Amino acid sequence: MSNNFRKPQRGTDPQKPRQTPRQKPQQKAAAFRGAQAARARRRRVLFGLGAVAAAMAIGVGVGTQLTGRTAEADETLASGSERPPAVPANTSGKDGVVVPYGDKNAKGTLTVYADMRCPYCAAVEKQLGAAVDELVADGTIKVEYRMAAFLDGALGGKGSHTALAALGAAANESPRKFYEYQHVLYANQPPEDEDSFASTAKLVDPAKKVPGLNSAAFNKAVKEKTYLPWAQRTGGRFHEYGVSGTPTFVVDGKQMTVLDDEGRPVSTKAFVEEVRTAIKGYHPARD
């Protein structure tokens, strides 16, 4: 992990609070928020060696759980079909877990780590999404989305995975449709103690707002959860990235400030200036 990372910002931490099966969703959400606030106040999650420890903790907890689910899904598919789990077109990396957006020859690369149930991610997308799109359009950056799904384990439910599977169906159509669809889903994000995204009906309807996405093929893929095994693999890889939570934005190895000390999205101007500065001062290693 890059030594250029700054101290973590207030956001959604994948280290979930203790919970019991009988806890109500509201209690889980309240406990989760309380754990977040305590961690933010103590500022005990540090990058560098601290990030390694955090990543190990995630791997033992949520990461292990997601990996187990993925293995079960793979076994089910293997027993019922000779075809491997579907991987969306227009993805990259091992098992297609990275969704790229923008010109591959852009000046810099913005890596976005996010969970579709994360309210901080939705707030940042609402505030900075248009700026990101403009930076992509003018060739300043390309984006690599590395999605998480740990909030299903933290809060209970399946919404993070189901929404990510639907995003896979959008990515299969085009990177642009993936980008626009995740923007629309964030705009329609339910409260964190509600698992509405677990319902495919809640995911199909917002797609009507994305030009050309509301097709029979897309709707079929969402309703049948064609890309759920891919979503499980993608979410299960989050603990490997060395980031402490979501949302995390990294430009060419340098973490951007997307939330202030109060957990509010920074201004568009401040974000764009920081992105351009990060790219200007970045010197990639040469082979």
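Numbering-wise, the sequence shown is residues 316 to 602 according to the numbering used here.
Cβ atoms here follow ideal geometry from the backbone N, Cα and C, with glycine treated the same way.
Keep in mind the model is a prediction, meaning the values are calculated, not measured.
Assignment of F564 by DSSP, reduced to helix, strand and coil, places it in the strand class. Residue G474 holds the alpha-carbon nearest to the alpha-carbon of A516 among P526, G474, D467, D508. The segment 470-485 makes no contact with the segment 437-450: fewer than 3 CB pairs, one atom from each, lie closer than 8 Å.
By alpha-carbon distance to L443, the top candidate from P562, I594, K569, G568 is P562. The residues Y496, L528, N529, F533, in chain order, have a CB closer than 7 Å to that of A522 in the same chain once the five nearest residues on each side in sequence are set aside. Under the three-state reduction of DSSP output, V581 falls in the coil class, being neither helix nor strand. For T541, the CB contacts under 8 Å within the same chain, skipping 5 residues up- and downstream, are A401, A480, G483, A484, K535 in chain order. Between T424 and the set I456, D430, P403, the nearest pair of CA atoms involves I456.
Annotation: the continuous alpha helix (DSSP H) that includes L470 extends over 466-470.
About 6 Å separates the Cβ atoms of T572 and V581, confirming a contact at the 8 Å cut-off.
Annotation for L528: no alpha helix (DSSP H) segment contains it, and DSSP assigns it neither H nor E. Cβ contact annotation for G411 (same chain, cutoff 7 Å, sequence separation greater than five): V402, P403, W545, in chain order. DSSP places E459 in the uninterrupted beta strand (DSSP E) bounded by 456-463. In this structure, the straight-line span from the alpha carbon of H476 to that of D467 is close to 7 Å. Taking V499 as the centre and dropping the five residues before and after it, the same chain places the C-beta of P521, A522, K524, V525 closer than 8 Å to its C-beta, in chain order. In the structure shown, Q504 falls within a coil segment according to DSSP collapsed to helix, strand and coil. Across the structure, V427 and Q570 are spaced so that their CA atoms are roughly 10 Å apart. Residue range 423-430 is occupied by the beta strand (DSSP E) that includes A429, with no alpha helix (DSSP H) assigned at that position. If you check the CB distance, A429 and A464 do not come in under 8 Å.
Counting along the chain, Y435 sits inside the alpha helix (DSSP H) bounded by residues 434-452. Rounded to whole angstroms, the gap between the alpha carbons of A593 and D508 is 36 Å. Cβ contact annotation for G417 (same chain, cutoff 6 Å, sequence separation greater than five): V451, K457, V458, in chain order. DSSP, reduced to helix, strand and coil, places Y416 within a strand of the structure shown. One Cα belongs to A585, the other to G551, and the distance between them is close to 32 Å. For S514, no alpha helix (DSSP H) segment is defined, and its DSSP state is neither H nor E. Pairing G568 with A513 gives a Cβ-Cβ distance that is not under 8 Å.
Residue burial is scored here from C-beta neighbours: N487 has at least 16 other C-beta atoms within 10 angstroms and is therefore classed as buried. The distance from the Cβ of K538 to that of V519 is about 7 Å, consistent with a contact at the 8 Å cut-off. Rounded to the nearest whole angstrom, the C-alpha separation of Y494 and A469 is 26 Å. A straight-line Cα-Cα distance of about 8 Å links A438 and R579.
A distance below 6 Å between beta-carbons, with the five flanking residues on each side excluded, links Y460 to the following residues of its chain, in chain order: V414, V427.
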